[in-house]
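**Q** Numbering (this note's numbering), first residue to last: 3 to 186. Even for Gly, the Cβ is constructed at its ideal location relative to N, Cα and C.
#1: Identify every residue that forms a DSSP beta bridge with residue 113.
#2: In angstroms, rounded to a whole number, what distance separates the CA positions of residue 73 and residue 169?
#3: Can you list the alpha helix (DSSP H) stretches of 4 or more residues lying completely in the segment 49-93, in chain order?
#4: On the CB-based measure, 16 or more other CB atoms within 10 Å of its CB, does residue 114 come out buried or exposed?
#5: Round the Cβ separation of residue 137 and residue 62 to the nearest angstrom and send it over; I've been treating them as touching at under 8 Å.
#6: Compute the Euclidean distance between the alpha carbons of residue 184 and residue 149, then round it to the nearest angstrom.
#7: DSSP has residue 99 in a bridge; who is on the other side?
#8: List the endpoints of the continuous alpha helix (DSSP H) containing residue 135.
#9: For residue 46, does the three-state DSSP call read helix, strand or coil?
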């Protein structure tokens, strides 16, 4: 370029890139509340890793984790690193975090004192969720559904007893649709 300083084009490129340095790589989704967006940005990679290892659909992983942990803000998520609401009963030998919990009996919500699994790291919560679904007999049918069939996965989780809430499958699908989790 005649008349320009020799490094001017390179300098302009560096300045342009630097101006975007503090911006998130992915554009913020206007349909997601801030805490949902932050949760997805922070834990998407754990969901994708779990999906690649287990075949559990990424939207299902994020929807379950988001709903069970109130997008990472619940007492259980903050104090026990439990993002999936898995209880500490049966064969669990690790530490537990006990707290009041709403469970549904014959469609009626009842407050109970329940103990949940406690993890040293959030990553362990994700890994345990995968192991939980792959090893429990009541979830074996899920493996027959294709990853894109999130409705069948949601219904299968509810039918297998993952949650006592009679509207759990609908809540999972509402989160997947409203927050466009199928794009992850």
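**A** Let me lay it out:
#1: Looking up residue 113 in the chain shown gives position 111. BP columns for residue 113 point to 104.
#2: Here residue 73 corresponds to residue number 71 of the chain shown, with the count starting at 1. Here residue 169 corresponds to residue number 167 of the chain shown, with the count starting at 1. Between residue 73 and residue 169, the C-alpha separation is close to 19 Å.
#3: 60-71, 77-82
#4: Residue numbering aside, residue 114 sits at position 112 when the chain shown is read from its first letter. Looking at its Cβ environment, which holds fewer than 16 other Cβ atoms inside 10 Å, residue 114 is exposed.
#5: If you number the chain shown from 1, residue 137 lands on position 135. If you number the chain shown from 1, residue 62 lands on position 60. Their Cβ separation, rounded to whole angstroms, is 17 Å, which puts residue 137 and residue 62 out of contact at 8 Å.
#6: Numbered from its first residue, the chain shown carries residue 184 at position 182. Numbered from its first residue, the chain shown carries residue 149 at position 147. Roughly 10 Å between the two C-alpha positions.
#7: For the purposes of this step, residue 99 is taken as residue 97 along the chain shown, with counting starting at 1. In DSSP, residue 99 forms a bridge with 118.
#8: As a working note, residue 135 is residue 133 in the chain shown. Element bounds for residue 135: 124-137.
#9: The residue given as residue 46 occupies position 44 in the chain shown. It is helical.
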